[in-house]
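This report refers to the structure that appears directly beneath it.
Numbering (my numbering), first residue to last: 39 to 276.
Take a look at the structure:
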């Protein structure tokens, strides 16, 4: 049974609590600056991904963390445990569906954690919570295409571009080969261990699609065999 992959989006706004008057003035200017940037698609956001009753997110302190998630996304005291203090819940979006079971999800998370999504590798522009959300969701939803070696320029269409546009604009001058900059497709591909598991499908959908291909090949072969037999019969009657 397929599960929804849900993206949760939080606006990041300057926190005015426990600030001096001078700090609050600066905070007010920051709010105004963010207000000017947001219509240009350059706002600041925190995101997390819900799948299988859990919420996953990436931060500079713990790296990848997991909490229980509200059904269908949204906000709750439990799910806010690792959300930045200045995060204000905006919305939840269904990005797609996955057939991955919990064991496969755990494997993907561990691969991401072991490769480049440790807390030490966090970078506001080059590897932040939004890079993680997009990479993780891509592995879950586009797993079939990645396993089959699809187009390296593919992207998760329902993932909002504006969520991480500010960071990507900042890092746009860096080479994609740089170890610092997150390469969503390459890292989602690596999280699925595609290179080591040739012919391995992470979902039942993959197995189903492969079996249907095998059946079609068998039908094609039997048709060819019938054609050959028909030709032999015609020759024998002459």
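For each residue, glycine too, the CB sits at the ideal point set by N, CA and C.
If you follow the alpha helix (DSSP H) that residue i is in, where does it begin and where does it stop?
| i | result |
| --- | --- |
| residue 178 | 167 to 179 |
| residue 222 | 222 to 229 |
Using CA atoms only, rank isn't needed, just tell me which of the options is closest to residue i.
| i | options | result |
| --- | --- | --- |
| residue 122 | 86, 156, 134, 144 | 86 |
| residue 84 | 229, 219, 202 | 202 |
| residue 226 | 145, 104, 174, 137 | 174 |
| residue 231 | 143, 195, 124 | 143 |
| residue 109 | 103, 42, 139 | 42 |
| residue 204 | 161, 111, 95, 146 | 161 |
| residue 140 | 150, 178, 115 | 178 |
| residue 155 | 94, 49, 40 | 94 |
| residue 196 | 46, 133, 115, 47 | 133 |
| residue 168 | 181, 40, 50 | 50 |
| residue 111 | 124, 105, 45 | 45 |
| residue 100 | 124, 191, 151 | 151 |
Measure the C-alpha to C-alpha separation of residue i and residue j and round it to an integer number of angstroms.
| i | j | result |
| --- | --- | --- |
| residue 92 | residue 153 | 22 Å |
| residue 199 | residue 117 | 24 Å |
| residue 130 | residue 219 | 26 Å |
| residue 184 | residue 81 | 30 Å |
| residue 107 | residue 187 | 32 Å |
| residue 33 | residue 146 | A question about residue 33 goes unanswered here, because the residues of the chain that appear run from 39 up to 276. |
| residue 236 | residue 47 | In this predicted model, residue 236 has a pLDDT of only 39, less than 50, meaning its place in the structure is not dependable; the value taken from the coordinates is given anyway. Cα to Cα, residue 236 sits roughly 35 Å from residue 47. |
| residue 128 | residue 171 | 16 Å |
| residue 136 | residue 180 | 8 Å |
| residue 217 | residue 157 | 15 Å |
| residue 229 | residue 206 | 21 Å |
| residue 5 | residue 193 | Residue 5 cannot be examined here, being either before or after the span of the chain that is shown, 39 to 276. |
| residue 191 | residue 223 | 8 Å |
| residue 88 | residue 138 | 13 Å |
| residue 40 | residue 90 | 10 Å |
| residue 74 | residue 148 | Low local confidence applies: a pLDDT of 46 at residue 74 is under 50, so the model's placement there is unreliable, and no value is given. |
| residue 115 | residue 126 | 13 Å |
| residue 113 | residue 105 | 12 Å |
| residue 159 | residue 176 | 20 Å |
| residue 182 | residue 96 | 24 Å |
| residue 221 | residue 166 | 12 Å |
Report back the beta-carbon spacing between residue i and residue j to the nearest angstrom; my notes put them in contact at under 8 Å.
| i | j | result |
| --- | --- | --- |
| residue 103 | residue 120 | 5 Å |
If you follow the beta strand (DSSP E) that residue i is part of, which residue opens it and which one closes it?
| i | result |
| --- | --- |
| residue 46 | 41 to 50 |
- Any chance you could list the beta strand (DSSP E) runs of at least 3 consecutive residues sitting entirely within the region 89 to 173, in chain order? 92 to 97, 101 to 106, 125 to 136
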